[in-house]
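*Asks:* Position one of the sequence shown corresponds to residue 127 (the working numbering), numbered consecutively onward.
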Amino acid sequence: MSDDRYRRTRTRPGVTVPGVERPKRTHSGLTSAGGTRPGARVPRERIEPDNVVARGERWAEDRRRRREVAHLARSFLIKLDSLARLLIVHHAGNDAVRKVLAGIAQDLDQLHDQEGDVAIVMAEGHAFVNGVWVRSSRRAYEAVKLLSEGLDDLEGRGIVLEEQAGLRGVVELARLLRASKRTDSDEDRRNAARDLSGIRLIPITQADEARFSSHESTIKLLYDGLETLSRMELANLDLFLRRRQRALVRTLVQLAEDDPEQLLSITAIRDPTMPQAAHTLMVTIYAVAIGREMDLSRKDMMRLGVAALNHNLGEAQVPVDVFRQKRKLMRHERETIEKHPLLGMKHLLVHYGYGAPSVERAIVAAEHHVHWDGSGGYPFTSGEARHAFSRVVAVCDVFDALCCDRPHRVGYPPDQAVKLMMRQAGRELDPVFCRALVRLVGRYPPGSLVELDSGEWAIVLGPGAGASPMLRPRVLLIADQDGFEHPKPIAVDLGERYPRRRAWLRTIARTRDARRLGVRPARYLLADRVEVPPVRLDHDVVRNRPQGPSRESE
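#1: Beta carbon of A199, beta carbon of V260: below 8 Å?
#2: Would you give the residue range spanned by the alpha helix (DSSP H) that G470 belongs to?
#3: In its own chain, which residues sit with a C-beta less than 6 Å from the C-beta of D639, not counting the 5 before and 5 after it?
#4: If you draw a straight line from the C-alpha of A333 to the C-alpha of D619, how long is it?
#5: If you follow the alpha helix (DSSP H) that G229 is part of, which residue opens it and which one closes it?
#6: Per DSSP, what kind of secondary structure is L156 in: helix, strand or coil?
#7: So, at 8 Å on beta carbons, what are the nonlocal neighbours of F449 in its own chain, with the 5 sequence-adjacent residues on each side left out?
#8: Indicate the three-state DSSP secondary structure (helix, strand or coil) for E313 in the structure shown.
#9: What distance in whole Å lies between the Cβ atoms of A434 and V519, which are believed to be in contact at a cut-off of 8 Å?
#10: Determine, using beta-carbon pairs with one atom in the region 517–531 and one in the region 551–558, whether at least three such pairs fall under 8 Å.
#11: If you draw a straight line from the C-alpha of L597 to the C-alpha of R569, how long is it?
#12: Inspect the CB distances between the region 582–591 and the region 599–615 and report whether three or more fall short of 8 Å.
#13: Restricting to Cα atoms, I'd like to know which of V255, L227 and S262 is closest to G284.
#14: Going by C-alpha to C-alpha distance, which of D384, R655, E383 and D350 sits closest to L374?
#15: Which word fits F525, buried or exposed, when buried means at least 16 other C-beta atoms lie within 10 angstroms of its C-beta?
#16: Cutting at 7 Å between CB atoms, please list the residues of its own chain near E577, excluding the five before and the five after it.
#17: Can you name the start and end residues of the alpha helix (DSSP H) that K463 belongs to?
#18: Exposed or buried, which one is N436 when buried takes at least 16 other CB atoms within 10 Å?
#19: What residues in its chain sit with their C-beta under 8 Å from that of S508, if we drop five residues either side in the sequence?
#20: Roughly how many angstroms lie between the CA atoms of P505 and C560, to the nearest whole one?
#21: Could you tell me the alpha carbon to alpha carbon distance between V409 and E281, rounded to whole angstroms?
#22: Reducing DSSP to helix, strand and coil, say where T406 ends up.
#23: Note down, in chain order, each residue of its chain lying with its Cβ closer than 8 Å to the Cβ of K205, except the 5 sequence neighbours on either side.
#24: Residues in the same chain with beta-carbon distance under 8 Å from R211, minus the five sequence neighbours each way, listed in chain order, please.
#25: With a 10 Å radius around its C-beta and 16 neighbouring C-beta atoms as the bar for buried, classify H458 as buried or exposed.
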């Protein structure tokens, strides 16, 4: 075979023909012919030793700069949180405030010298300064968590500190984050935040709002509550944990004021695998909701919420095996459980001290199992009136205990739990607070599975907007008349009537037991839904009903 014939033979890509000069590659990987050879490796650019040393020095210098910026930013955020707390009780001329301001001024000067304008973005306990992640310490995480909550109220997710920013703007920012919550409205605080000298807020974008949707915030709130309660059982109640308690209760109070339906929807998330701490969190949610129903002030709702959060703290000192018994408890086991109110009271007084707030929480922990009429209960019986918070927590504790699964029984459906609770009103429970809870949850509490007269299946969301909000609540349609599940649940109001006649579109026919049917309400409550606003509610029909001819006209 001649060489010419061999050169005309077609070859596979990447296989060179003998006798043909191989094209040379360039540094970009392209051949001299303008293409690349498939499968060929492009040789790396030859790097001189001096270039390697220079690159290493630049990398080390950038790493040193980033670590210093993160250290200064962490120090600044901790001092900013301290300043915000001090301004609640002191004025700007106080010596303690001046000392913190001197440290803030030093940190800001060094940050501006290195970075110029400083942009700080905070999210979920983490902070980023000009794109540099600030490694969190225990104190820094706590400070960022509380500062980000204050920024959320101002509709911001971060701040930009310009080079001309002075201490006056920092003082005003710290006051807006914490102290002004008690005196100014949210709208006034947002307007004041836009006029800060040398400081700009980074607004919350639509992407942030989509990422932190209502369902995700509900799951996050549940997770934070369970984590806080688990730490309460394992660690002493130090300053960090106390502030985390208040932050959790503050979030619940804010949610009770903004969206009570979403707050109560958390109580429908029930799973036998959830820890015992979930019961304490649900009691706290019901207690905060009752406080709002009774028109308590924000400060009193905070007190009630923190007391409810600590009411079962003594159970952490009782052996776990006692709570896991699937039979009727023996006498000595029952006596062991009945000690947990006094154990919780002792634990709170030892770690919180003997101030008025700690004594109030200890009283609630000791009294939440004492009967309202003084006829029984444990660890003691008394005919004297109990603390109001103790009576609220007792009602919430009994109602949620009836709904929860226990080792020896299955939890009752929410509508049956309401009936059983009302039987105890006036004897073991305060009837006033029992009725307040019934006004909140209605005849059909949130999470109840109901069957409608149309054949559809639905889950109760909360009170409706019609003339009978408790008897005709808002529901989430999950299946049609034929039993086929909707691709997305549909939220409707049962107070809606037909356009041309006064009959209701849908009516609850009966309640069903979700556990026996294998339906998990939390799956639908936390899923994306379709909102169908009511077109013609029952009170609109009554109000707009045409009047007949009067007798005078006749």
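We treat Cβ as the ideally placed atom computed from N, Cα and C, and that holds for glycine.
*Replies:* Concretely, from the data shown:
#1: yes
#2: H466 to Y478
#3: Result list for D639: P539, in chain order.
#4: Residue placement at A333 is poorly supported in this model, since its pLDDT is 45, which falls under 50; the coordinates still yield a value, given next. Each residue's alpha carbon lies about 30 Å from the other.
#5: D221 to E241
#6: Its pLDDT being 43, under 50, L156 is placed unreliably by the model, and the measurement read from it follows with that caveat. The answer is coil: DSSP assigns L156 none of H, G, I, E or B.
#7: Q402, E441, I463 and P533
#8: Helix, per DSSP.
#9: 5 Å
#10: yes
#11: 6 Å
#12: yes
#13: Checked all of V255, L227 and S262; the closest Cα to G284 is V255.
#14: Closest in alpha carbon position to L374, among D384, R655, E383 and D350, is D350.
#15: With at least 16 other beta carbons inside 10 angstroms of its own, F525 counts as buried.
#16: W583, A635, R636 and R638
#17: With the sequence shown as reference, residue 463 is identified as Ile, and Lys is not the correct amino acid for it. Where I463 is concerned, the enclosing alpha helix (DSSP H) stretches over R457 to I463.
#18: Around the beta carbon of N436, 16 or more other beta carbons lie within 10 angstroms, which makes this residue buried.
#19: Cβ within range, chain order: V496 and G500.
#20: 22 Å
#21: 30 Å
#22: helix
#23: Around K205: V226, G229, I230 and D233.
#24: R304
#25: exposed
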